[in-house]
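Residue numbers (the working numbering), protein chains in the order written: chain S, 1 to 117; chain H, 1 to 116. Below is one structure, written out as structure tokens; the observations come after it.
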């Protein structure tokens, strides 16, 4: 079974530029999450999708961050314009949401490391 | 609201000795508890979870964790540490009553270093 795929693995941009990250979850996983992990901290949830709908985006800085999952499969996270404090690893995770098979754990991708100069 | 505390940023242990990485949690209802490990430049890998039942949970690579409801703790343990266990460990919690939200809240992480 293929894992959660993310790209690019690394990205360096200057402040005020834009960047986009892509995630393809494990096949059949209806729930997809984007987490931000700043160096020395634990992952912080940015947004959660159930199929193509948003379940929770309360911690997403909507003035600069946007995310979509148009067909309920892969997802894109965009930052525009980037700030220095956006330097972090952006982790995508997925889980199967059906009753009886959802045992709660999330499956993470390798992450996309963003450096904003 | 749900939260996790990992009181130790760094834990050092000699190879072959037992290790413990501490975690305490706070939820309004009953918890689901998880441990993840992160190696450099990698994503988080699931180690083990507590859902219900036996308070001692066994997971991958010889790790285990003990759920203690009265102390709201879920400490990670291993009887004999290996150098290859050196990594960053995260505890996470989800409130069972969170319904479709199913969000994990993570602690700040504990860097485990096993010395040869």
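Positions of the beta carbon are idealized from the N, C-alpha and C atoms, including for glycine.
- Shown in chain order are the members of the segment 44-58 of chain S whose Cβ falls below 7 Å from a Cβ of chain H: 45, 48, 50, 55 and 56.
- Residue 16 (chain H) sits away from residue 84 (chain H), with the two beta carbons spaced by 7 Å or more.
- Among the bridge pairs identified by DSSP, residue 53 (chain H) is matched with none.
- By the Cβ test, the segment 2-9 of chain S is in contact with the segment 23-35 of chain S, since at least three Cβ pairs between them sit closer than 8 Å.
- When CB distances to chain S are screened at a threshold of 8 Å, the residues of the segment 43-59 of chain H falling below it are 43, 44, 45, 46, 49 and 51, in chain order.
- With at least 16 other beta carbons inside 10 angstroms of its own, residue 57 (chain H) counts as buried.
- Following the DSSP letters along the chain, one finds residue 92 (chain S) inside the beta strand (DSSP E) bounded by residues 88-95.
- Taking the beta carbon of residue 32 (chain H) as reference, the chain S residues within 8 Å of it are 104, listed in sequence order.
- At a Cβ-Cβ threshold of 7 Å, residue 4 (chain H) and residue 109 (chain H) do not count as neighbours.
- Only those residues of the segment 1-17 of chain H whose C-beta falls short of 9 Å from the nearest C-beta of chain S are listed: 4, 6 and 9.
- Where residue 77 (chain H) is concerned, the enclosing beta strand (DSSP E) starts and stops at 73-78.
- If you check the CB distance, residue 116 (chain S) and residue 13 (chain S) come in under 7 Å.
- Among the CB atoms of chain H, none fall inside 7 Å of the CB of residue 28 (chain S).
- The contact set of residue 111 (chain S) on chain H, defined by CB atoms closer than 7 Å, consists of 43 in chain order.
- Scanning its chain for C-beta atoms nearer than 8 Å, with the 5 sequence neighbours on each side dropped, one finds around residue 52 (chain S) the residues 69, 70, 71 and 72, in chain order.
- Interface annotation for the segment 76-93 of chain S against chain H: 89, 91, 92 and 93, criterion Cβ-Cβ distance under 9 Å.
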